[in-house]
Ligand code: ASP
């Protein structure tokens, strides 16, 4: 019944329709047919006797041709078509004499018999083609024009597909999608809140959620044992290319699970998404402790697409009279394969200067070149014999042609600097294969982080993260130093050096949660005022639970080999947090301010 109905409807429609085909689907097999398409004029070309126009919609571009000899009036009309005019054209599909192999419709064109201008357009402020001359702000201001461009459109279509596949997978695993409120009160995830004044409760404010963390935990207490939501989160942070004040997470929580269950479920999600959007089978999901990641890569999100693991050198470089190494807490290096001859003194100088920029702040760079002819060139030849430098090579597995780069200083800083150098060399030496994806679970994060500036502990993940079971007694009874060594049941999924998601097993015991708030510097009253609802819920049979969230925008970007999330968001904000298209934020009317009981003088006009 249903089928017949649809067919009938389509047939009826044929007599009064905007288009019989879209701009991406006509092929040689359609030659001779009468068709109607509709779309935007991308480009026109007037060759005297013949006028051509490319029409675009989201499916592709089709060439129209108008013949002066056959229909002078139509041809004259076609010559007046401007870029981005919206048109409808009817005509006969013909084989093209000069074919365009780069275009799916490149073998055909439509010889137009009827042209209908549906709407005119001003000249667009930038070219609406794959490569555009529009700068970022201009593209954002006219985002509706930018989204007409295939690369941006493809990103948005990809995003839609990813969301649909996420729902399919999580549904197949028994997850329930639950919406949680946007007008809530502050949840501390380490960023500033966006706040919304309440008119009905004057002088009081809602906060927009930094994540639905507390709500999803409450849902576990409520018995929804597998929850998910593709949800907006709001964090008032300074912006970088991969940050937006509002961003989207695939947010999940599960009850009665061990870490293993969570890692398996979400490895499954990642595999499903790669397979069903990119058609790619992901390889292994190795696991590494946070401590190892920091020691071997100087980063809690190592990029495993290339090697260059750190080699710690204290043991064999100290005590030889080189005061810089002797004074350093850590001497550590990496080996770059096969660049000894290729990398000139100038390259070395460039690299050193790059490392010395304030963003990285290395004091200097020591390098040892193991030349193809067996000789060794180094910046520390005065202090170390060739024999000693050969021993270094052994420790690094370095061979003729390789270069060892060494940094030294305070351990944590030096590791971070060497991580930057490793990533930069990865880029400069083109060690990363396009289309390669290397996932990694990083586990066993510290529970707390001591902040010298504010003189207090911060939660490394968030305040609801559980310490490892074995560490609970130390957490309850230990001294200040002990707290620094507590490990959490927290994990991050990293792909290609980008943090795709993170989560933890949560505390589900009221006393332990109170202790954690206490360690984080909340007074009893503060904890009660801010989280009384959660602590209260924990008194009514909270099941053991845990979860995680994937950064949805970031996942889109990483899967497409891009570093900025902005082009995967239909309407993103710029680096000042502004929406250039609607020009927000903006001032509001005095009467609105009054109604909200806000001080009118604070408003910037
Ligand atoms: N709420 C956490 C976040 O936004 C994720 C989690 O722990 O599930 O990072």
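In the numbering used here, the protein residues as written are 4 to 608.
Yeah, the Cβ is synthetic: ideal placement off N, Cα and C, and Gly gets one too.
Item to complete: Using 10 angstroms around the beta-carbon of residue 256, count the other beta-carbons present and answer buried if the total reaches 16, otherwise exposed.
Response: Result: buried.
Item to complete: Ignore the nearest five residues each way along the sequence and tell me which others in residue 560's own chain have a CB closer than 6 Å to its CB.
Response: 568, 571
Worksheet item: Run through DSSP, which three-state label would residue 534 get?
Response: helix
Worksheet item: By DSSP, does residue 559 sit in helix, in strand, or in coil?
Response: helix
Worksheet item: Do residue 425 and residue 301 have their CB atoms nearer than 9 Å?
Response: The answer is yes: Cβ separation under 9 Å.
Discussion item. What ranges does the beta strand (DSSP E) occupy inside the segment 265-342, keeping only unbroken runs of at least 3 residues that lie completely in it?
Written reply: 290-292, 333-339
Item to complete: Let me know if residue 589 comes out buried or exposed under the rule of 16 or more other beta-carbons within 10 Å of its beta-carbon.
Response: exposed
Worksheet entry | Three-way DSSP call (helix, strand, coil) for residue 78 in this model | helix
Worksheet entry | Distance between beta carbons of residue 461 and residue 193, contact taken as under 8 Å | 7 Å
Fill in: Helix, strand or coil at residue 385 according to DSSP, with G and I counted as helix
If DSSP states are grouped into helix, strand and coil, residue 385 belongs with coil.
Fill in: Cβ pair count under 8 Å reaching 3, the segment 468-479 against the segment 526-539
no
Worksheet item: Say the cut is 8 Å; is the CB of residue 551 nearer than that to a heavy atom of ligand 1?
Response: yes
Worksheet item: Which one or two residues does DSSP pair with residue 461 in a beta bridge?
Response: 452
Worksheet item: Just checking my contact of residue 1 with residue 231 at CB under 8 Å: how many whole Å lie between their CB atoms?
Response: No statement about residue 1 is possible, as the shown extent of the chain runs from 4 to 608 and does not include it.
Fill in: Residue closest to residue 508, alpha-carbon to alpha-carbon, out of 262, 108, 355
262
Practice prompt. Starting from the C-beta of residue 135, find all residues in its chain whose C-beta is less than 8 Å away, skip the five residues before and the five after it, and write them out in chain order.
Written response: 129, 142, 149, 152
Practice prompt. Could you check if residue 574 is buried or exposed, using at least 16 other CB atoms within 10 Å of its CB as the buried criterion?
Written response: Counting Cβ neighbours within 10 Å, residue 574 comes out exposed, since fewer than 16 surround it.
Worksheet item: Which runs of the beta strand (DSSP E) fall wholly inside the segment 490-524 and span at least 3 residues, in chain order?
Response: 493-498, 501-508
Discussion item. Just verifying my parser: in three-state terms, what is the DSSP assignment at residue 411?
Written reply: strand
Worksheet entry | Nearest-angstrom Cα separation, counted from residue 412 out to residue 423 | 15 Å
Worksheet item: How many Å lie between residue 363 and residue 457 at the Cα?
Response: Residue 363 and residue 457 have their C-alpha atoms some 23 Å from each other.
Item to complete: Let me know the secondary structure DSSP gives residue 117 once reduced to three states.
Response: The answer is strand: DSSP assigns residue 117 an E or B state.
Item to complete: Would you give the residue range spanned by the beta strand (DSSP E) that residue 369 belongs to?
Response: 369-373
Discussion item. DSSP three-state label for residue 97, please.
Written reply: strand
Discussion item. Going by the DSSP bridge assignment, what does residue 235 pair with across the sheet?
Written reply: Looking at the DSSP output, residue 235 shares a beta bridge with 251.
Discussion item. Could you check whether the segment 209-224 touches the segment 152-168, counting it as contact only if at least three pairs of C-beta atoms, one from each stretch, sit closer than 8 Å?
Written reply: no
Discussion item. Would the segment 272-292 count as touching the segment 516-532 if we require 3 or more Cβ pairs under 8 Å?
Written reply: no
Worksheet item: Per DSSP, what kind of secondary structure is residue 468 in: helix, strand or coil?
Response: strand
Worksheet item: Can you name, in chain order, every residue of its own chain whose Cβ lies under 7 Å from the Cβ of residue 186, other than the five neighbours on each side?
Response: Cβ neighbours of residue 186 beyond the five flanking positions: 199, 209.
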